[in-house]
Every structure is written in structure tokens, then in C-alpha cells.
Amino acid sequence: MYILPKHILGNILDPIQYSNDNMIGLGPYRIVSKTPGVKYVLQANNDYYMWKPALDIVVIHLIKDP
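If you're matching positions, the sequence shown starts at 1 in the working numbering and goes up one per residue.
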């Protein structure tokens, strides 16, 4: 089960079965692109209220366990 904002949770009939395909969140980085099971590309969110992100772009390559 995910923690969801009220404006999204209100439209979901069964939170247990909810698929979080469209990621939700406002942190120091925003998701620019995603290739599930392969990689995620994040970009600095310069509007983040706590601090300025240290990196402009973060690329996370996923490595599957054989």
C-alpha cells in the first residue's frame, strides 16, 4: 500500500490494488524519464524548499539479480 495525497486517493476504489505507475512526489529530484526494469533519469527540482540539489541529473541504472 502506498501513501497517497487525498486528491489521488479519493479517486481510487481499492488502495491495496493501486498500481503506482505514475509516480507521485515532490522531493529534491523529479523523474524525467523511466524505463521500468532498466533505468530512471532524475532532474534537479530547483523549487525544492529545503536545499538545492547537489547534482543536476541523476541516472539510476537497475541491475537485475541473475
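Every residue gets a Cβ at the ideal spot worked out from N, C-alpha and C, and that includes glycine. Predicted model only: the values in this text are computed from it and were never measured.
Judged by DSSP in its simplified three-state form, K34 adopts strand.
Of the candidates Y48, H7 and P5, the residue whose Cα lies closest to the Cα of R30 is Y48. Proximity to K64 across K52, P15, K39 and I12 peaks at K39, based on C-alpha coordinates. Contact check for P53 and P28: beta-carbon distance about 4 angstroms, within the 8 angstroms limit, so the pair qualifies.
For the pair P5 and N11, the Cα-to-Cα distance works out to about 11 angstroms.
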